[in-house]
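According to the working numbering, the residues represented by the sequence shown are 159 to 730, in order. Glycine is no exception: its CB is placed at the ideal position from the N, C-alpha and C atoms. For reference, the structure discussed in these notes is given below.
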Amino acid sequence: MASMDWISWNERLKSLVEVDEQRGRIKAKLLDKGPEYAKALFADTDGAVRASLLALIEPAGAGYGPIPGTQEQLLFWKNLEKAELKSETVSIDMEVDQIPGNQDADMEVDKIDVIVTTLELQDNSTFMGVQGGMSRIMVPKFYNDLWEKAELLIDGDTPKKKGMVITGTPGTGKSVMGWYFIFKLREKLGSFDLVYQHEGMQTFYCKNGAVTSAGIAARSFSRVLSRKDTVYVVDGVSVFDENAMTFVFASPNPKGYNVFLKRPGTGLYYSKVWSKIEILAAREQLYKHIEKSSVLDLYRKWGGVPRYVLERAEDRNFQIHLDSMIESVSGDDWLDFMTKVGGQGRTKISDVIFHFRTEDYVLRTVDFASFYVSELAYTKLQKSAWAKTVDFLERDDSASAAFRGQLFETAAHEMLLRKCRVRVRSLEENGQSETVDWPELQRRKFRKLTDVKGEGSAGCYWKPESKTNATFDAVCTSIGAPLGTSAALQMTISEEHGIKHDGLDKLLRAIPFVKRFYWVVPALIFEDFKKQKFKNKDSEPRTQAISYPVSEVEQWALELPLNHLHPGAVQS
């Protein structure tokens with residue numbers, strides 16, 4: 159180590175007045191041993207000792223000194239700005255799935271081509287220098303959507319402090335998004351000072367793309383963070399509020415950033431969960447060794463969370479742990495979680511159970527991670543807390559609407575398998591309600607519309623293997639003349655839902671014996687529920703002519719008797 163370097167470090171150490179006992183011992187030991195000991199210490203791989211020293215002497219203000227971190231970490235920071243963005247077309251076997259942007263896609267589509275973008279490091283480096291870690295990451299569309307919002311923030315003509323917080327469902331890649339943002343910032347801004355703070359790691363200070371120093375806490379870099387031209391990226395820890403342009407990637411718990419968000423010029427945004435297509439594309443590119451069937455099974459269980467369905471797909475103990483976490487939730491706990499609807503009430507368990515959903519990245523809803531999870535909730539609730547569940551389902555509460563809608567649909571799927579008395583009402587002019595016998599039906603699943611068997615077969619309740627469209631939730635066949643013989647069902651708790659014209663047209667052409675379309679609704683809206691208007695694929699009102707056979711189908715309302723029929727009971 160050069161003498162000038164040693165003198166500078168030595169003087170900075172001597173200038174410290176307040177040190178705790180542990181750091182005081184490190185300081186004394188360093189001063190006693192002299193420059194040769196300092197040289198050996200700083201060259202050592204004991205990151206904890208060096209980090210303690212570096213945090214003490216505020217390295218960001220020195221501008222020179224020992225470079226911390228492992229060689230792998232240094233290689234990562236060196237190579238991040240030289241990483242390569244690649245886009246290629248990948249053909250994905252979809253089996254039964256929906257095409258992006260078209261929820262009424264043909265359920266018989268077998269294969270689609272998608273453009274997949276990845277960010278790849280060079281020189282055998284891995285992200286954050288993790289041994290055996292990733293050298294390539296996939297960039298889903300919502301990364302770029304949120305980056306566009308970051309660019310508006312960067313380019314905005316405002317003297318105010320600039321910053322954004324990105325939160326959302328845990329396990330969806332917010333840390334990875336942070337690395338992608340740093341890469342894009344280098345593209346956009348060129349050279350800048352960066353402070354990167356990551357949970358469980360040293361805080362890195364990078365100047366012109368290279369790590370120059372590190373510390374345990376962000377406040378070690380208060381001098382450089384006080385400048386507005388510094389970029390401060392925070393991942394998973396409480397943000398140190400200074401003047402730097404700040405990007406926070408955090409869990410949904412606001413404790414770490416709520417004070418920061420009170421400052422002018424800052425905004426809160428939500429990331430998305432991954433679509434099934436994005437999950438399968440990531441498997442094709444990064445996790446080809448995992449069986450596709452396993453990925454699909456895990457997606458149906460945990461939804462679009464790469465950590466659960468890709469990264470830990472083959473970790474049997476982890477998957478068992480997820481299952482046991484959900485199994486441990488009581489009926490009252492399910493209701494408690496749903497009532498809190500995210501925020502500070504979230505726990506490790508609720509992170510598996512619930513997902514944040516967003517369309518514009520600003521407004522969000524919270525609902526079940528999957529229909530598998532909602533079915534588990536329904537099973538627990540029907541056994542131990544059904545009366546409370548009925549009260550919950552019949553609330554007029556927009557905050558919990560997503561939960562109530564999913565739970566209501568799950569309850570309807572189970573109840574309408576059993577014999578009961580139901581009220582139905584034609585939604586055509588002057589339709590009167592009547593009470594009829596709903597028959598016991600056999601449970602059936604289908605992958606293609608043409609798999610549904612109609613007249614002459616026993617009464618069946620046909621449910622798609624996967625939720626693939628927004629037009630219908632089930633098809634019932636041979637249910638008797640008073641109910642229209644065969645009918646399509648759509649569950650809703652909303653008085654205004656709308657019906658996708660093209661999806662219904664496709665259904666009726668594939669299953670021509672369906673003559674009625676039932677809206678299955680709770681008692682609260684049954685009497686006032688009206689005939690729904692047709693919509694186009696973009697959810698805009700349909701102005702074109704109504705096709706045949708859509709013009710011939712009858713719309714009816716069916717009241718699901720939540721208050722009068724306990725799940726599993728038979729009422730004649």
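Query raised in the report: When we look at the beta-carbon of Lys577 and count the other beta-carbons within 10 Å, is it buried (16 or more) or exposed?
Result: exposed
Query raised in the report: Cβ of Asn366 within 8 angstroms of Cβ of Ser349?
Result: yes
Query - Buried versus exposed call for Tyr519 [16 or more other C-beta atoms within 10 Å across all chains shown] - result: buried
Report task. To the nearest angstrom, report how far apart Gly290 and Glu230 are at their CA atoms. Result -> 11 angstroms
Query raised in the report: CA-CA distance, Ala559 and Leu233?
Result: 48 angstroms
**Report entry** Under the three-state DSSP convention, the category Val510 falls into
**Finding:** DSSP places Val510 in helix when its eight states are reduced to three.
Query raised in the report: Under three-state DSSP, which class holds Ile448?
Result: coil
Query raised in the report: How many whole angstroms separate the CB atoms of Gly589 and Pro464, which I take to be in contact at a CB cut-off of 8 angstroms?
Result: At roughly 48 angstroms, the Cβ-Cβ gap does not stay under 8 angstroms, so Gly589 and Pro464 are not in contact.
Requested in this report: Might you give, ordered along the chain, the residues of its own chain that have their beta carbon closer than 7 angstroms to the beta carbon of Lys459, omitting 5 neighbours on each side?
Outcome: Ser528 and Tyr530
Query raised in the report: Roughly how many angstroms lie between the CA atoms of Phe604 and Asp631, to the nearest whole one?
Result: Between Phe604 and Asp631, the C-alpha separation is close to 12 angstroms.
Report task. Check whether the Cβ atoms of Glu717 and Phe684 sit closer than 8 angstroms, and answer yes or no. Result -> yes
Query raised in the report: Whose CA, out of Leu279, Phe566 and Leu456, lies closest to the CA of Pro680?
Result: Of the candidates Leu279, Phe566 and Leu456, the one whose C-alpha sits nearest the C-alpha of Pro680 is Phe566.
Requested in this report: Can you check DSSP and say which residues form a bridge with Lys244?
Outcome: Thr276
Query - CA-to-CA distance, Val633 to Ala646, given in whole angstroms - result: 4 angstroms
Report task. Using only the heavy atoms of the ligand SAH, determine whether one of them is closer than 7 angstroms to the beta carbon of Leu456. Result -> Looking at this structure, you won't find the ligand SAH or any other ligand, since it has none at all.
Query - Neighbour-count burial assignment, Pro298, 16 or more Cβ in a 10 Å radius - result: buried
Report task. Let me know the alpha helix (DSSP H) ranges lying completely inside the stretch 280-311, each 4 residues or longer, listed in chain order. Result -> none
Query raised in the report: Using CA coordinates, which residue listed in Ser591, Trp596, Ala616 and Arg581 is at the minimum distance from Arg602?
Result: Arg602 has its Cα closest to that of Ala616, out of Ser591, Trp596, Ala616 and Arg581.
Report task. Could you check the C-alpha separation between Ser293 and Tyr390 for me, to the nearest Å? Result -> 23 angstroms
Query raised in the report: Using a Cβ-Cβ cut-off of 6 angstroms (strictly less than) and excluding sequence neighbours within five positions of Arg562, which residues of its own chain qualify?
Result: Leu551 and Ile651
Query raised in the report: For the putative contact between Phe512 and Lys430, defined by C-beta atoms under 8 angstroms, what is the C-beta separation to the nearest angstrom?
Result: Wrong, their Cβ atoms sit about 14 angstroms apart, outside the cutoff.
Query raised in the report: Near Leu419, what residues of its chain come up, given a Cβ to Cβ distance below 7 angstroms and the 5 sequence neighbours on each side ignored?
Result: Val323 and Leu426
Query raised in the report: Between Val272 and Ile295, is the Cβ-Cβ spacing less than 8 angstroms?
Result: Between Val272 and Ile295, the CB-CB gap reaches or exceeds 8 angstroms.
Query raised in the report: Excluding sequence positions up to five away, which residues of its chain have a Cβ less than 8 angstroms from the Cβ of Lys693?
Result: Gly656, Ile657, Lys658, His659, Pro699 and Arg700
Requested in this report: Please say whether Ala308 and Phe339 have beta carbons closer to each other than 8 angstroms?
Outcome: yes
Report task. Reducing DSSP to helix, strand and coil, say where Tyr619 ends up. Result -> Of the three classes helix, strand and coil, the one that applies to Tyr619 here is strand, per DSSP.
Query raised in the report: Helix, strand or coil: which one does DSSP assign to Glu592?
Result: In the structure shown, the three-state DSSP call for Glu592 is strand.
Query raised in the report: Quick one: Cα of Leu243 to Cα of Ile312, how far?
Result: 22 angstroms
Query raised in the report: So what does DSSP say about Leu716, is it helix, strand or coil?
Result: strand
**Report entry** Exposure of Arg470, with buried meaning 16 or more beta-carbon neighbours within 10 Å
**Finding:** buried
Query raised in the report: From what residue to what residue does the alpha helix (DSSP H) around His571 run?
Result: Per DSSP, His571 belongs to the alpha helix (DSSP H) from Ala559 to Met573.
Query raised in the report: Helix, strand or coil: how does DSSP classify Ala535 here?
Result: helix
Report task. Compute the Euclidean distance between the alpha carbons of Asp554 and Ser636, then round it to the nearest angstrom. Result -> 35 angstroms
Query raised in the report: Unbroken beta strand (DSSP E) runs of length 3 or more, entirely within the stretch 423-485: which are they?
Result: 424-428
Requested in this report: Could you please give me the residues that DSSP links to Leu647 through a beta bridge?
Outcome: Ala632 and Tyr676
Query raised in the report: Hey, Gly287 and Thr228 are a contact pair by Cβ (cut 8 angstroms); roughly how many whole angstroms apart?
Result: 6 angstroms
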